[in-house]
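Undergrad: 1 is the number of the first residue of the sequence shown in the UniProt record's numbering; add one for each residue after it. All C-beta atoms, glycine included, are put in the ideal place defined by N, C-alpha and C.
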Amino acid sequence: MSEINTFLGDSKSRLKSGIKLLSKNSGEERGLGLEKARRQSRVDIDIFLKSDISVEDGHLQGIIKIHIRKHKKKGQRILVSGGKVMAIGFESGPNQEERFIFYQSSAMLSEVASDLDTLYSLEPDPEGFFGSRQGDHWLPFSLCLSSSSAYGKPKGSIHTQSGLSVRYIVMVFLRIKDSASGKKSIAHMYRECSIWPRLNPSAILATPSRPIQVTVSENSSSGRIKLTASLHRLHWVAGQLCHISLEVVNDSKKTLKNVTLGLIQSVTTFKLSEVQHESGSVRKDGHPSVTHKLVAQSYLVAGESSKKGHASAKGWWLGVPAGTSQMFSHSILLPSDSLSVRSGQLLAISYTIEITVGTGTLFSTDVNASLPLEIINFMSIDPPPDAANQSEIRRSICSTIVDEYNTDLESEDAASSDEDHISAATDDEIIQRTVLSARIDTEYAENTPRFADLYHSSERTPDRNAEQSLEQAPEDMDVTFPSMSDNKTSGMGLVLTDGKPHVSDFADRVEKMNQIRQASLLECAGDSMESNSSFVIRGKCFKK
């Protein structure tokens, strides 16, 4: 915790002058100074993020700007080494005095940034420090946000009214060395961001075998009221309607007219105390304090008046009359900024829905029930597009298009070489070859019948239901048909002849015409080979 407090500074992000970061190396017992704490830093770093929203297993992208100033002494250089990019998630107290890291994903600058060679001008010294070039250096970077449990799991971002918060930063730092004095320091810069956990919507929003259910009853002077409330799943998305199923058994003498749903946010704060040991300072949990707050509410009133000028009944719910039971549902809108946070070092946030059913009178007999739920953010199940993955997809698509284009060129060359052999092809052959050469989805082609098969099947197979219904019709029933001329086909493969339906012979006639046409073409082709006195154009035979 002390390291992150040193880097982030106080509540206003100010660093104390001359502050140093304690080094873990035995040879640097005095610690490393921070360039930001100097009056004039020798190396300035800035970060420009592509987006401040990221999701676990995605990429945090942006550009790092490094400004190297001129050394005060002539002939001396500023040496740099050990560049690193880190994404850090931490819990923060009300006054920014306590910070506890729960998530971290980091990588060396050389692994995630490009154009790093423009920063260096000399070979590294024995300690690994490179000579740097003066001026501004722009380094694009892409940091993968690991989902490994060894680095913790992101929780999402939230700020409570009490000042407790879950925050994230992306930080870049470089180790600096003065070539003249040999003194070392650290140049760093951080930006605020938000990182959300990645959740599988199919699993997190699945309906379990047993619902979340609670049953309570209340006895009063007027009788007994029993309430059963249930949720069909545990996890809900912030900003959506949460639906609660209700079953009310009213054995009292009064009609139940009011239902109230309230979303209660419970913030648990852990007070930490320090105990000194010989090995050092050890923290332990103190007594937690819990605060409750009503963050959303929804009412359902029996016979609620509708708008004036509408010819409709009053409301959709008429209450639960005395001596009856009823099953119905009601919903409450979850706030878009609500989020459940698992227990950490400083805080935990949970939610419950309080259900109240009563008569709505002054001395009402109310029945209360409570249901727990977990609220997630929509970003966790529908993350924004990842630019790194999108670029790979674009490259893949481009390569596929190039391959298909080259294949098309080869097929066109092969087709042109055989042009003399297919000059006598008919329109049907050309269409068939075009259809067969078209690239379509394999599964769709295997599972989908051809249109011609469907057409001939519909023509050859009459509507059995229509025939059966006509056969079963009483003789005295007056069945009328639209006036149509003889031998006209209907949409169901039937022909109306003399006012009676018959099976269409259209398919047989088409097949017969095709046979006659093929025989004519074969005869024409034979004459052409023998005397060269006929030729075929568009499927028709012409004599010279």
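Just the C-alpha distance for residue 69 and residue 137, rounded to the nearest angstrom, thanks.
TA: Looking at the two C-alpha atoms, the distance is approximately 11 Å.
Undergrad: Restricting to Cα atoms, I'd like to know which of 82, 358 and 357 is closest to residue 186.
TA: When only C-alpha atoms are compared, the closest one is 82.
Undergrad: On the DSSP bridge assignment, give the partners of residue 67 in chain order.
TA: DSSP lists 44 and 136 as partners of residue 67.
Undergrad: What first and last residue would you give for the beta strand (DSSP E) that runs through residue 100?
TA: Element bounds for residue 100: 99 to 108.
Undergrad: Can you list, in chain order, the residues of its chain with a C-beta nearer than 6 Å to that of residue 193? Leave out the 5 residues immediately preceding and following it.
TA: Taken in chain order, the residues that qualify are 52, 168 and 170.
Undergrad: With burial defined as no fewer than 16 other Cβ atoms inside 10 Å of the residue's Cβ, what is the status of residue 260: buried or exposed?
TA: So residue 260 counts as buried.
Undergrad: Roughly how many whole angstroms lie between the Cα atoms of residue 151 and residue 40?
TA: So the two alpha carbons sit approximately 35 Å from each other.
Undergrad: If you run the structure through DSSP and keep just helix, strand and coil, what is residue 523?
TA: Residue 523: helix per DSSP, three-state reduction.
Undergrad: Can you tell me which of the three DSSP states residue 79 falls into?
TA: DSSP places residue 79 in strand when its eight states are reduced to three.
Undergrad: Does the separation of the CB atoms of residue 357 and residue 258 fall below 9 Å?
TA: Yes, Cβ-Cβ distance for residue 357 and residue 258 is below 9 Å.
Undergrad: Can you name the residues that DSSP bridges to residue 171?
TA: Its beta-bridge partners are 86 and 190.
Undergrad: State the Cα-Cα distance for the pair residue 54 and residue 87, rounded to the nearest angstrom.
TA: Distance between the alpha carbons of residue 54 and residue 87: 10 Å.
Undergrad: Any chance you could list the beta strand (DSSP E) runs of at least 3 consecutive residues sitting entirely within the segment 283 to 363, in chain order?
TA: 324 to 333 and 347 to 358, all fully within the segment 283 to 363.
Undergrad: Just mark residue 515 as buried or exposed, buried being the case when its beta carbon has 16 or more other beta carbons within 10 Å.
TA: When all chains shown are included, residue 515 counts as exposed.
Undergrad: Identify whether residue 260 lies in helix, strand or coil by the three-state DSSP scheme.
TA: Residue 260 falls in the strand class under three-state DSSP.
Undergrad: Less than 7 Å between C-beta atoms, sequence neighbours within five positions excluded: which residues of the same chain meet that for residue 157?
TA: Cβ neighbours of residue 157 beyond the five flanking positions: 166, 167, 168 and 194.
Undergrad: What residues match up with residue 224 in a beta bridge as DSSP calls it?
TA: 219.
Undergrad: Which residues in the same chain have their Cβ closer than 6 Å to the Cβ of residue 105, if we skip the five residues on either side of it in sequence?
TA: Result list for residue 105: 87, 145, 146 and 151, in chain order.
Undergrad: Assuming residue 380 is part of the beta strand (DSSP E), what are its boundary residues?
TA: Looking at the DSSP string, residue 380 is not in any beta strand (DSSP E); the run it does join, the alpha helix (DSSP H), is 378 to 381.
Undergrad: Using a 10 Å radius around the Cβ and a threshold of 16 neighbouring Cβ atoms, would you call residue 265 buried or exposed?
TA: Burial call: buried.
Undergrad: Should residue 66 and residue 179 be called a contact, given that it needs their Cβ atoms to be closer than 9 Å?
TA: Contact flag unset, no.
Undergrad: Just checking, does the segment 333 to 343 make contact with the segment 232 to 251 on the three C-beta pairs under 8 Å criterion?
TA: Because the criterion of three Cβ pairs below 8 Å is met, the segment 333 to 343 and the segment 232 to 251 touch.
Undergrad: Have a look at residue 346 and residue 101 and give me their C-alpha separation to the nearest angstrom.
TA: Computed Cα separation, rounded: 11 Å.
Undergrad: Report buried or exposed for residue 393, applying the criterion of at least 16 other Cβ atoms within 10 angstroms of its Cβ.
TA: Interpretation of residue 393 is limited by its pLDDT of 38, a score under 50 that renders its predicted location unreliable; the figure taken from the coordinates is listed afterwards. The residue in question, residue 393, is exposed, as its Cβ has fewer than 16 Cβ neighbours within 10 Å.
Undergrad: Residue 178 bridges to which residues according to DSSP?
TA: According to DSSP, which records beta bridges pairwise, residue 178 is partnered with 78.
Undergrad: Please state if the CB of residue 121 and the CB of residue 132 are separated by a distance shorter than 9 Å.
TA: A contact, by the Cβ cut-off of 9 Å.
Undergrad: So residue 353 and residue 332 are supposed to be a Cβ contact under 8 Å. How far apart are they, rounded?
TA: About 7 Å; that satisfies the 8 Å criterion.
Undergrad: Pick helix, strand or coil for residue 123, following the three-state DSSP scheme.
TA: Residue 123: coil per DSSP, three-state reduction.
Undergrad: Quick one, which of 118, 80 and 110 has its alpha-carbon nearest residue 126's?
TA: When only C-alpha atoms are compared, the closest one is 80.
Undergrad: Leaving aside the five residues before and after residue 267 along the sequence, list all residues of the same chain whose C-beta is less than 6 Å from its C-beta, in chain order.
TA: These residues qualify, in order along the chain: 160, 291 and 349.
Undergrad: Pull the bridge partners of residue 131 from the DSSP assignment, please.
TA: According to DSSP, residue 131 bridges with 79.
Undergrad: Could you tell me how far apart the beta carbons of residue 372 and residue 212 are, in whole angstroms, since I believe they sit closer than 8 Å?
TA: Indeed, because the Cβ distance is near 7 Å, the residues count as touching under 8 Å.
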